[in-house]
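S.K.:
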Amino acid sequence: MMNKQTIRTSAQSKQAAQALLHHMVETMDENQALPQMVGQLRRYEQQYGLSTVEFYPQFIAGGLGDSSDFLLWASLYETYVELTQPHLIAHAAA
Numbered sequence: 269m270m271n272k273q274t275i276r277t278s279a280q281s282k283q284a285a286q287a288l289l290h291h292m293v294e295t296m297d298e299n300q301a302l303p304q305m306v307g308q309l310r311r312y313e314q315q316y317g318l319s320t321v322e323f324y325p326q327f328i329a330g331g332l333g334d335s336s337d338f339l340l341w342a343s344l345y346e347t348y349v350e351l352t353q354p355h356l357i358a359h360a361a362a
C-alpha cells in the first residue's frame, strides 16, 4: 500500500518546494514515485482546468501569480521532467 504524501505550504519558495519533492522521490520506491507524481499533476490539471503543458509556460512568464499550489505544481512538473527526460535538463543548462 502506498503512503499518501501531501505538501501544504504558504511561505515556501519554489526552490524549497523542489528540494522537498526531490527528497520525497529519493525516499520513495522508484515504482511508486512517478505514478504518484503523474496523479498529482492530473489533480492540479483538473482543479485549475489547465493542462500542465499549458500551465507551465504561463507560470514561468509570471502570468499566473505565485500561489503555493502553483509553486508546487511547477516544482512537481520540473522534477517529473528531470526524472523522465534528463536530456532536456542537460540541454537547457548547456
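Residue numbers (the numbering used here): 269 to 362.
Every residue, glycine too, gets a C-beta built ideally from N, C-alpha and C.
Keep in mind it's a predicted model, so treat the numbers as computed, not measured.
Entirely within the region 291-336 and at least 4 residues each: give me those alpha helix (DSSP H) ranges in chain order.
M.R.: You should have 298-316 and 320-328.
S.K.: Looking only at its chain, what residues have a beta carbon closer than 8 Å to the beta carbon of Q315, apart from the 5 residues adjacent to it on each side?
M.R.: To locate residue 315, count along the sequence shown from 1; it is residue 47. These residues qualify, in order along the chain: D337.
S.K.: Would you mind giving the Cβ-Cβ distance between L340 and L302, rounded to the nearest angstrom? I have them listed as a contact below 8 Å.
M.R.: Locating residue 340 in the sequence shown gives position 72, counting from the first residue. Locating residue 302 in the sequence shown gives position 34, counting from the first residue. At roughly 17 Å, the Cβ-Cβ gap does not stay under 8 Å, so L340 and L302 are not in contact.
S.K.: How long is the line joining the alpha carbons of E313 and Y345, rounded to whole angstroms?
M.R.: Counted from its first residue, the sequence shown places residue 313 at position 45. Counted from its first residue, the sequence shown places residue 345 at position 77. Roughly 11 Å separates the two Cα atoms.
S.K.: With a 10 Å radius around its C-beta and 16 neighbouring C-beta atoms as the bar for buried, classify Q308 as buried or exposed.
M.R.: As a first step, residue 308 is located in the sequence shown; it is residue number 40 there, counting from the start. Counting Cβ neighbours within 10 Å, Q308 comes out buried, since at least 16 surround it.
S.K.: If we count the other Cβ atoms within 10 Å of its Cβ and call it buried at 16 or more, is S343 buried or exposed?
M.R.: Translated into the one-based positions of the sequence shown, residue 343 becomes position 75. That one is buried.
S.K.: Quick check: what's the CA-CA separation for Q300 versus G333?
M.R.: On the sequence shown, position 32 is the one that residue 300 refers to. On the sequence shown, position 65 is the one that residue 333 refers to. Each residue's alpha carbon lies about 31 Å from the other.
S.K.: For F327, which residues from the same chain have a beta carbon less than 8 Å from its beta carbon, with the 5 sequence-adjacent residues on both sides left out?
M.R.: Indexing the sequence shown from 1 puts residue 327 at position 59. Correct list, in chain order: F338, W341 and A342.
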